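Residue numbers (this note's numbering): 9 to 216.
Here it is, written out as structure tokens:
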């Protein structure tokens, strides 16, 4: 399967960001979680399921952007599309349950918005395919995958947000380093979602 340099770059960057983040959860040990776990019996399995399915969506969605798959192997494209849609739907629904355990309002609302937009764009992409509205299908699935990639973008923007926070505070840390990191991690998903949507809509307008 031939792929462009930009596709390979996206794949390498995405895996480099996501694998170190996701790997501790697949030890299936709640003590390795990167977020506080209030209920090891319920919250942690929900979180692991959400992350695992989101990772599957990341991989299957990326395969869909290969011309050799989308154009020349339409049967495989449809199969991977179904896997992607099911992964997003299940992961998104699990995310809605996991949000109940997030105690910070800004972070909870960012994950809620992310999950709802993810579910909506994916559903629109699926429905347009069922109706054989291929242009709309392509546009909505690009939007859906843009939301999938917020898991990557939201982490890539953290260093920039830390720098902005430092500048806004005159390169001082009035609340300490931990508070600065917490403040950034409460808004990075919002920023990642905004950045991805701007880039995607700009790209689609440019190609019309």
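Virtual Cβ for every residue (Gly too), placed ideally from N, Cα, C.
Predicted model only: the values in this text are computed from it and were never measured.
Discussion item. Using the three-state DSSP reduction, which class does residue 181 fall into: helix, strand or coil?
Written reply: Under the three-state reduction of DSSP output, residue 181 falls in the coil class, being neither helix nor strand.
Worksheet entry | Whole runs of the alpha helix (DSSP H) within the stretch 146-203, excluding any shorter than 4 residues | If one requires a minimum length of 4 residues, the alpha helix (DSSP H) runs lying completely within the stretch 146-203 are 158-164, 166-176 and 184-193, in chain order.
Fill in: residue 123 to residue 112 span [Cα, whole Å]
Their backbone Cα atoms lie some 16 Å apart in a straight line.
Item to complete: Indicate whether residue 196 and residue 155 have their beta-carbon atoms separated by less than 8 Å.
Response: No Cβ-Cβ contact shorter than 8 Å links residue 196 with residue 155.
Worksheet item: residue 58: buried (16+ other C-beta within 10 angstroms of its C-beta) or exposed?
Response: Classification for residue 58: buried.
Worksheet item: Ordered along the chain, which non-local residues of its own chain (more than five positions away) have a Cβ less than 7 Å from that of residue 134?
Response: So the qualifying residues of the chain are 93.
Worksheet entry | residue 104 versus residue 145 - alpha carbon distance | Spanning the two alpha carbons is a distance of roughly 25 Å.
Discussion item. On a Cα-Cα basis, can you pick out the residue from 49, 14 and 56 that is closest to residue 32?
Written reply: Among 49, 14 and 56, the Cα nearest to that of residue 32 belongs to 56.
Item to complete: With residue 137 as the anchor, note down where its alpha helix (DSSP H) starts and where it stops.
Response: Residue 137 -> alpha helix (DSSP H) spans 113-138.
Worksheet item: If you run the structure through DSSP and keep just helix, strand and coil, what is residue 9?
Response: Interpretation of residue 9 is limited by its pLDDT of 45, a score under 50 that renders its predicted location unreliable; no figure is taken from the coordinates.
Worksheet item: Does DSSP put residue 78 in a helix, in a strand, or in coil?
Response: Note: residue 78 maps to helix in three-state DSSP.
Item to complete: Could you tell me how far apart the beta carbons of residue 15 and residue 84 are, in whole angstroms, since I believe they sit closer than 8 Å?
Response: Between residue 84 and residue 15 the Cβ distance is about 16 Å, and since that is not below 8 Å, they are no contact.
Fill in: Close-in-space but distant-in-sequence residues of the same chain around residue 109 (CB under 6 Å, 5 per side omitted)
These residues qualify, in order along the chain: 46 and 51.
Worksheet item: How about residue 18 and residue 61: are their beta carbons less than 8 Å apart?
Response: The answer is no: Cβ separation not under 8 Å.
Fill in: Local conformation of residue 99 per DSSP, three classes
Taken through DSSP and simplified to helix, strand or coil, residue 99 comes out as helix.
Item to complete: Since I believe residue 169 is in contact with residue 199 (beta carbons under 8 Å), could you give me their beta-carbon distance rounded to a whole number of angstroms?
Response: Right, their Cβ atoms sit about 6 Å apart.
Worksheet item: How many angstroms separate the CA atom of residue 21 from the CA atom of residue 180?
Response: Roughly 31 Å separates the two Cα atoms.
Worksheet item: With distances taken from CA atoms, which of 162, 96, 75 and 125 is nearest residue 64?
Response: Among 162, 96, 75 and 125, the Cα nearest to that of residue 64 belongs to 96.
Worksheet entry | residue 163 versus residue 80 - alpha carbon distance | Near 34 Å, if we compare the C-alpha coordinates of residue 80 and residue 163.
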